[in-house]
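Down below is the structure, laid out as structure tokens.
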Amino acid sequence: MAMTTITRFAPSPTGRLHVGNIRTALHNWMLARKAGGRFVLRIDDTDAERSKEEYVEAIREDLDWLDLAPDVEERQSARLALYEDAFEKLRAAGRIYPAYETQQELELKRKIQLGRGLPPIYDRAALKLTDDERAAKEAEGIAPHWRFMLDHEEAITWEDGVRGPQKFDSSQLSDPVIRRADGSWLYMLPSAVDDIDMGITDVLRGEDHVSNTAVQIQMFTALGAAPPRFAHEALLVGKEGKLSKRLGSLGCDAFRERGTEPEALVALLARLGTSQPVEPIAARETLVNTFDLSTFGRAPAKFDDAELDRINTAIVHQFDYARVADRLPEGMDEAAWHAIRPNLERVGDAGEWWSIVTGPVEQPAFDDETRAYLAQAAEALEWSANPWGDLTARLKNETGRKGKALFLPLRQALTGMNHGPDMGELLPLIGETEARARLQSAARG
Ligand code: GLU
Numbered sequence: 000m001a002m003t004t005i006t007r008f009a010p011s012p013t014g015r016l017h018v019g020n021i022r023t024a025l026h027n028w029m030l031a032r033k034a035g036g037r038f039v040l041r042i043d044d045t046d047a048e049r050s051k052e053e054y055v056e057a058i059r060e061d062l063d064w065l066d067l068a069p070d071v072e073e074r075q076s077a078r079l080a081l082y083e084d085a086f087e088k089l090r091a092a093g094r095i096y097p098a099y100e101t102q103q104e105l106e107l108k109r110k111i112q113l114g115r116g117l118p119p120i121y122d123r124a125a126l127k128l129t130d131d132e133r134a135a136k137e138a139e140g141i142a143p144h145w146r147f148m149l150d151h152e153e154a155i156t157w158e159d160g161v162r163g164p165q166k167f168d169s170s171q172l173s174d175p176v177i178r179r180a181d182g183s184w185l186y187m188l189p190s191a192v193d194d195i196d197m198g199i200t201d202v203l204r205g206e207d208h209v210s211n212t213a214v215q216i217q218m219f220t221a222l223g224a225a226p227p228r229f230a231h232e233a234l235l236v237g238k239e240g241k242l243s244k245r246l247g248s249l250g251c252d253a254f255r256e257r258g259t260e261p262e263a264l265v266a267l268l269a270r271l272g273t274s275q276p277v278e279p280i281a282a283r284e285t286l287v288n289t290f291d292l293s294t295f296g297r298a299p300a301k302f303d304d305a306e307l308d309r310i311n312t313a314i315v316h317q318f319d320y321a322r323v324a325d326r327l328p329e330g331m332d333e334a335a336w337h338a339i340r341p342n343l344e345r346v347g348d349a350g351e352w353w354s355i356v357t358g359p360v361e362q363p364a365f366d367d368e369t370r371a372y373l374a375q376a377a378e379a380l381e382w383s384a385n386p387w388g389d390l391t392a393r394l395k396n397e398t399g400r401k402g403k404a405l406f407l408p409l410r411q412a413l414t415g416m417n418h419g420p421d422m423g424e425l426l427p428l429i430g431e432t433e434a435r436a437r438l439q440s441a442a443r444g
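Position 403 of the sequence shown, counting from 1, maps to 402 under numbering that gives the first Met the number 0, and the rest follow consecutively.
See below:
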């Protein structure tokens, strides 16, 4: 029986989503959509102090804005009983043990190891404590934190969806702390428990989680479950090639503010770091159908604002009126959108162009000869199905002007600009009376 693909995006609500998390969310969404599966939003809010409800809401809103709404939303704070059960099960199986070292003691051990040129792996000193020693610690009022005991006999291997075959020597990893002395959970165990319980088939996340995967694979096995498929994508870096602070805080708010359309961000992030070309593809279906983990590279994906702006412009040029109508100035209709659209880098700039339709426009000073020409144009203007075509054909005939000498003074008088939307589309929007008035006022100077 083929298993339904179930992916998850698991942000901690300790801040807004940034472009790196957005990319991870998108890829998980696409992986699920392509397989006709399900996409779970899992809110990793076991850290009660740092998790904030406002961020949970912001995450939902951002996913909505990006059109990446999940099929299911879960939150870890509502699932603590499951983690408790898993904890008891692993503890009974001898895979979890109490440890009493303070942060300072652990830090000192690490320093000594590093000083001797050894890897800073936890020495399992807590395992060697006798019952009496443990009782003495507890009597002193020192509550233990808890570590998961890795199985050193078992080499950890998996076939990574991006990185290929992976192999870890578990004796080179520290037994991870999974629970704090106050009973609160660290990320590692709850995530594995949830992945099992929610039937997650594919864990796709950043390569900063590769060593977590090694540990979690042993947790899956210890909990009697088959591990899901894993894939770790190379991290997103700035165009200079470095992990950047700026990217770490660049979120949907900032994108919205700068006029970036969600379709543009999605088109870029869908393909960035893959061998497929980044293209201004607004149709989500096309992106989903071509999504393919095997095209992901191992090199960091470089995020370049200029590339995003180019994609954005090309996407705006594809938008139909319905997509933008509620963001256009009062009175700007479908014909106006089509006339103005090719001149826009951002939808928000439509108002500036629309104001040249509604006027008033600021005309340049013309010389005498040009003023005479514009007076002639005001006379020649006739309203037809194609007023611009007719006007310029007639003026060409009457004056012998052509090219720039024919067109530019008209554009300048009618719009106050040297360039802009196609005059054939613009002139009908300006309307006969207003167009004639503009030509006449330019002719008067
Ligand atoms: N909450 C974890 C994080 O934000 C989730 C990692 C995972 O995908 O398992 O890094």
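Each residue gets a CB set at the ideal place from its N, CA and C atoms; glycine is no exception.
Near ligand 1: residue i beta-carbon under 8 Å from a heavy atom
{"i": "residue 360", "result": "no"}
{"i": "residue 9", "result": "yes"}
{"i": "residue 190", "result": "yes"}
{"i": "residue 202", "result": "yes"}
{"i": "residue 26", "result": "no"}
{"i": "residue 186", "result": "yes"}
{"i": "residue 208", "result": "yes"}
{"i": "residue 211", "result": "yes"}
{"i": "residue 43", "result": "yes"}
CA nearest to the CA of residue i, picked from the options
{"i": "residue 130", "options": "160, 96 and 118", "result": "96"}
{"i": "residue 157", "options": "134, 213 and 116", "result": "213"}
{"i": "residue 411", "options": "440, 299, 67 and 389", "result": "440"}
{"i": "residue 147", "options": "134, 90 and 171", "result": "90"}
{"i": "residue 332", "options": "257, 367 and 424", "result": "424"}
{"i": "residue 255", "options": "61, 123 and 4", "result": "61"}
{"i": "residue 290", "options": "188, 296, 275 and 369", "result": "275"}
{"i": "residue 349", "options": "175, 419 and 37", "result": "419"}
{"i": "residue 380", "options": "337, 370 and 430", "result": "430"}
{"i": "residue 248", "options": "7, 21 and 2", "result": "21"}
{"i": "residue 497", "options": "371, 345 and 330", "result": "This structure does not reach residue 497, given that the chain is present from 0 up to 444, and the question cannot be answered."}
{"i": "residue 160", "options": "295, 239, 235 and 143", "result": "295"}
{"i": "residue 56", "options": "79, 37, 80 and 11", "result": "11"}
Per DSSP, the bridge partner or partners of residue i
{"i": "residue 230", "result": "203"}
{"i": "residue 73", "result": "41"}
{"i": "residue 314", "result": "Beta-bridge pairing links residue 314 to no other residue."}
{"i": "residue 175", "result": "In DSSP, residue 175 forms no bridge with anything."}
{"i": "residue 302", "result": "237"}
{"i": "residue 144", "result": "98"}
{"i": "residue 387", "result": "Answer is none; residue 387 lacks a bridge partner."}
Buried/exposed call for residue i, threshold 16 Cβ in 10 Å
{"i": "residue 190", "result": "buried"}
{"i": "residue 17", "result": "buried"}
{"i": "residue 44", "result": "buried"}
{"i": "residue 268", "result": "buried"}
{"i": "residue 218", "result": "buried"}
{"i": "residue 362", "result": "buried"}
{"i": "residue 533", "result": "Because the chain is modelled from 0 through 444, residue 533 falls outside the range shown and cannot be assessed."}
{"i": "residue 178", "result": "buried"}
{"i": "residue 231", "result": "buried"}
{"i": "residue 392", "result": "exposed"}
{"i": "residue 288", "result": "exposed"}
{"i": "residue 117", "result": "exposed"}
{"i": "residue 386", "result": "buried"}
{"i": "residue 260", "result": "buried"}
Cβ distance (whole Å) where residue i is taken to contact residue j below 8 Å
{"i": "residue 315", "j": "residue 286", "result": "About 17 Å separates the two Cβ atoms, so there is no contact after all."}
{"i": "residue 204", "j": "residue 297", "result": "Incorrect: roughly 15 Å between the Cβ atoms, too far for contact."}
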